[in-house]
Each structure stands twice: as structure tokens, then as C-alpha cells.
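J.: Encoded as C-alpha cells, here's the structure I'll be asking about.
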Amino acid sequence: GGTFAGTVLTLVFLPAMYSIWFRIRPDGNERPQGGHSLSTGKGVS
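Numbering (full-length UniProt numbering), first residue to last: 1 to 45.
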């Protein structure tokens, strides 16, 4: 019982809480915080 519960918590609950806490989205289409892409070189000083 305890080993199974620990495994479920580790594999399911903790990654879900991590993604909620750090606001990680599965799509990954968001731009960087500065609003400029580093590949274009714009906005980098």
C-alpha cells in the first residue's frame, strides 16, 4: 500500500503540482518575457 501510494504521488501528483505552481503550459508557443526573440537580435543590448 505505501509503496504504491508513494509511486503514484511521485509520478502523477508532484509533476502536476509543479506545472501548476510554475504556470507551465503544454503548448510551448509563448514568447520570452521581454517580448523579443533572441534569434532576431532585436531588443538585445
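Virtual Cβ for every residue (Gly too), placed ideally from N, Cα, C.
Alpha carbon to alpha carbon, how far is residue 10 from residue 2?
T.: 12 angstroms
J.: Does residue 26 come out as helix, strand or coil in the three-state DSSP assignment?
T.: coil
J.: How is the alpha helix (DSSP H) around residue 8 delimited, first residue to last?
T.: 2-8
J.: Between which two residues does the alpha helix (DSSP H) containing residue 14 stretch?
T.: Where residue 14 is concerned, the enclosing alpha helix (DSSP H) stretches over 14-21.
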